[in-house]
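Structure first, commentary second.
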């Protein structure tokens, strides 16, 4: 017996995450897409753990959660910094000249 | 109703029934209702508030970021503390010392944050 | 319930990493409590002291071969050699990080939280740089050390994050040109997080396949597992993507030029030397220990990646007009040569280790010299600005020429001996196609280096040629180390070749 459904579901989640990273232009949404990919990882780990009765997969999932939290914390700091820099977190604009470095009341630019 | 996927048959039937109910209900609605569109009707409905203008991008006060981050620090700490608490009884002082080191390293981060003054609400 | 046993821990084997991690933690305490004026001195001596102590511990451990903490760490000959290499290269690059004479306050910004070009940012232009960079560097180096000796994929992942996260931050801390520095940090972070998600998914699939994440367990699982082979193939592919990203192999190299250009040059040097050593240490270990028995399946794919990396890296290097981007593409091409070593499996482990040391020192020397060419805007990295520097600064130009010739693989430099050792061991492992492509691409790659040399000596100086600043002893020492090692390993490589031969194969039990 092979646990098809969880593996397929995990693959779909991971695919959705990859799609999100590739398509989304908002740095925060890209981060969320990466989280989706890590969710798929946890699903595979727990599935393998449950079907093979190993009890190590659960622990691995904990590690994944923790490291993902650390990664997102740091990532948000970098994104925040970029937002202060150019009042926008559209990844397409990275590398272009800032619209206005001093702009206080610039409208916030968000593309989903 | 047997085999690996057979156990999901009930769920599958439920999903089909739910989908059919949705389709039938909305089709009946569309067929039977009167149709009188107006501009006010097509704005988004928010209870008691005027619909938000322009961007859907809301900003939170930046100070919360540090607190959210510190919360993550301790939430993450407890992720490891709980499984450890279940088994440490049989493992003796060594595991207590090891967990002490882990907590101390995390406390180091908090100490740094405190000395840098991020914990005071300005 | 309490059938859980604590795994045995061999603290002697972990000592080098514990020392460096400990020094990093003390560094945080210093940041928190030491008076501002003293921090720089304390941090520099603490960092160097910690790294030297770690190096001593590695030398004491040199004959150790052990698997400890329940298989999480495997200390063996190549692992110890890589750890030592990372520490030595780390100490050398520290000379650049601690340099404070070239630029008032050092190459790092005082408070990165100020937005670029804001009033606060202009005010801090003359303030001394942040000393947090030293603990961050120590954490990164300790993570790299753990990465090279991790015995299971989970430890490897944790180590990967431990050395990546500080590097993401360090990339965004440049004093000058804050914009491209912060953007480099963002690019590196987003792509790095993407790649580590691939790595983890690969780990999870391999766990589903073999029922364990330990490298030796996967090696045995390959022979016994009843699970579908698709899990193994997909897991291996995704794992490799994550690792190849860190190693900057084509087609996972797109971050390299932007990040190398945007990051502060000392951090670029650290990434080019140490991260490369760590990434290839991990690649070598994974493929030699866990997947040696399935080599027939992955060797053709990895060989294709190696060919692509060598060809694309060297061709794109020709078109560069910025010295940091040129060195970035040359680092991509060098990743290709090292991949030849990975494909050749056990036969080329020793020569790959030799190559990592030789390349690391040359690239540290080169980036150290890049920090010297300055105008009022900071470093002048555009190649057109370098025209005719040979007239005004003959010593600088001569040393840089020597390093460029070293990269190009001219005899009497380490570039020649290391390429020769690597390619001849790959040839002996029947990778003749890869060797031929490698030799041809290194001929192409010699062209941009020689272009720089011609530019330095033969072109007339431009209207506003930047000056070559006089650095403090630290940067001088880095340049001296880079040039001297490039020369010594080119003339008398045998002692280091003996050491890497003694290091032996990876421990696969």
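Protein chains in written order, with the working numbering: chain A, 1 to 112; chain B, 113 to 234; chain C, 235 to 743. Glycine included, C-beta positions come from ideal geometry on N, C-alpha and C.
Separation of residue j from residue i, as counted between CA atoms
| i | j | result |
| --- | --- | --- |
| residue 134/B | residue 16/A | 26 Å |
| residue 281/C | residue 38/A | 34 Å |
| residue 136/B | residue 125/B | 16 Å |
| residue 741/C | residue 310/C | 6 Å |
| residue 300/C | residue 247/C | 8 Å |
| residue 118/B | residue 30/A | 38 Å |
| residue 654/C | residue 533/C | 22 Å |
| residue 582/C | residue 447/C | 25 Å |
| residue 191/B | residue 531/C | 39 Å |
| residue 41/A | residue 195/B | 21 Å |
| residue 631/C | residue 490/C | 26 Å |
| residue 337/C | residue 672/C | 40 Å |
| residue 232/B | residue 226/B | 8 Å |
| residue 130/B | residue 123/B | 10 Å |
| residue 110/A | residue 83/A | The pLDDT assigned to residue 110/A is 44, lower than 50, so where the model puts this residue is not dependable, and the model offers no usable value. |
| residue 270/C | residue 277/C | 11 Å |
| residue 720/C | residue 6/A | 54 Å |
| residue 339/C | residue 612/C | 13 Å |
| residue 609/C | residue 700/C | 5 Å |
| residue 106/A | residue 33/A | Residue confidence is low: residue 106/A scores 37 on pLDDT, short of 50, so the model does not pin down where it sits. No coordinate-derived value is stated. |
| residue 453/C | residue 245/C | 26 Å |
| residue 19/A | residue 689/C | 45 Å |
| residue 395/C | residue 159/B | 45 Å |
| residue 60/A | residue 72/A | 18 Å |
Distance CB(residue i)-CB(residue j) smaller than 8 Å
| i | j | result |
| --- | --- | --- |
| residue 473/C | residue 433/C | yes |
| residue 734/C | residue 584/C | yes |
| residue 546/C | residue 493/C | no |
| residue 514/C | residue 561/C | no |
| residue 516/C | residue 390/C | yes |
| residue 457/C | residue 436/C | no |
| residue 586/C | residue 518/C | yes |
| residue 501/C | residue 404/C | yes |
| residue 74/B | residue 266/C | Because chain B is modelled from 113 through 234, residue 74/B falls outside the range shown and cannot be assessed. |
| residue 21/A | residue 428/C | yes |
| residue 599/C | residue 712/C | yes |
| residue 507/C | residue 544/C | no |
Buried versus exposed call for residue i [16 or more other C-beta atoms within 10 Å across all chains shown]
| i | result |
| --- | --- |
| residue 421/C | buried |
| residue 704/C | exposed |
| residue 333/C | buried |
| residue 724/C | buried |
| residue 659/C | buried |
| residue 591/C | buried |
| residue 228/B | exposed |
| residue 498/C | buried |
| residue 359/C | exposed |
| residue 697/C | exposed |
| residue 103/A | With a pLDDT of 35 at residue 103/A, under the threshold of 50, the modelled position of that residue is not reliable, and the figure given next carries that caveat. By the neighbour-count rule (16 or more Cβ atoms within 10 Å), residue 103/A is not buried but exposed. |
| residue 366/C | buried |
| residue 181/B | buried |
Pick from the options that is closest to residue i, judged by C-alpha positions
| i | options | result |
| --- | --- | --- |
| residue 615/C | 364/C, 339/C and 555/C | 555/C |
| residue 314/C | 582/C, 597/C, 325/C and 288/C | 288/C |
| residue 722/C | 321/C, 565/C, 449/C and 647/C | 647/C |
| residue 441/C | 35/A, 56/A, 26/A and 5/A | 56/A |
| residue 202/B | 240/C, 278/C and 558/C | 240/C |
| residue 274/C | 261/C, 251/C and 528/C | 261/C |
| residue 343/C | 409/C, 360/C and 529/C | 409/C |
| residue 296/C | 250/C, 303/C, 258/C and 567/C | 250/C |
| residue 327/C | 312/C, 732/C, 487/C and 503/C | 503/C |
| residue 580/C | 665/C, 323/C, 550/C and 558/C | 665/C |
| residue 230/B | 186/B, 184/B, 175/B and 217/B | 175/B |
| residue 606/C | 341/C, 307/C and 303/C | 341/C |
| residue 718/C | 317/C, 667/C and 596/C | 596/C |
Start-to-end residues for the alpha helix (DSSP H) that takes in residue i
| i | result |
| --- | --- |
| residue 704/C | Here residue 704/C belongs to no alpha helix (DSSP H), and DSSP marks it neither H nor E. |
| residue 531/C | 529-552 |
| residue 8/A | 4-23 |
| residue 669/C | 666-691 |
Beta carbon proximity, residue i to chain F, threshold 8 Å
| i | result |
| --- | --- |
| residue 206/B | Structure shown: chain F not included; protein chains present are A, B and C. |
For residue i, the first and last residue of its enclosing beta strand (DSSP E)
| i | result |
| --- | --- |
| residue 300/C | 300-302 |
| residue 201/B | Segment: none, residue 201/B is in no beta strand (DSSP E) and carries neither H nor E. |
| residue 308/C | 307-309 |
| residue 574/C | Element bounds for residue 574/C: not the beta strand (DSSP E) but the alpha helix (DSSP H), 557-577. |
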